[in-house]
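In our numbering, the protein residues as written are 326 to 416. Where is the CB? At the ideal position from N, CA and C, for every residue including glycine.
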Amino acid sequence: MATVHFTSQLERFLPAPSVDVGPGAATLGAALAAVFRDHPALKSYILDDQGALRRHVAVFVAGAPARDRAKLTDPVEPDDEIHVFQALSGG
């Protein structure tokens, strides 16, 4: 079962810093959809209005940056770890 991990900035939307997604999550999009089903407030921080990753969000699947930021078709294996980072700015 793949696991999606979130940075501390996004943990306020979750009861825990990571979420296990079921075996049906064969793509990044399916894994994120599984998370958003239980935590819908998180979706607008990760995806834009077209369903693509927001520019300020970095996602890694099994240690590699997500390649398909628009359609989220990157494959996810059952034991993969997905890390979602939200860029911070300020000065």
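| Check | Outcome |
| --- | --- |
| Between residue 391 and residue 384, which are expected to be in contact by the criterion C-beta below 8 Å, what is the C-beta distance as a whole number of angstroms? | 4 Å |
| Compute the distance between the beta-carbons of residue 364 and residue 397, then report whether it is under 8 Å. | no |
| Going by C-alpha distance, which of 358, 357, 374 and 367 is nearest residue 336? | 367 |
| Within 10 angstroms of the Cβ of residue 350, are there 16 or more other Cβ atoms? Answer buried if so, exposed if not. | buried |
| Do residue 352 and residue 405 have their beta-carbon atoms positioned less than 8 Å apart in this structure? | no |
| Can you check DSSP and say which residues form a bridge with residue 378? | 372 |
| Identify, in the order they occur along the chain, each residue of the same chain with its Cβ nearer than 7 Å to the Cβ of residue 345, setting aside the five sequence neighbours on each side. | 326 and 328 |
| Can you tell me the Cα-Cα spacing of residue 388 and residue 408, whole angstroms? | 8 Å |
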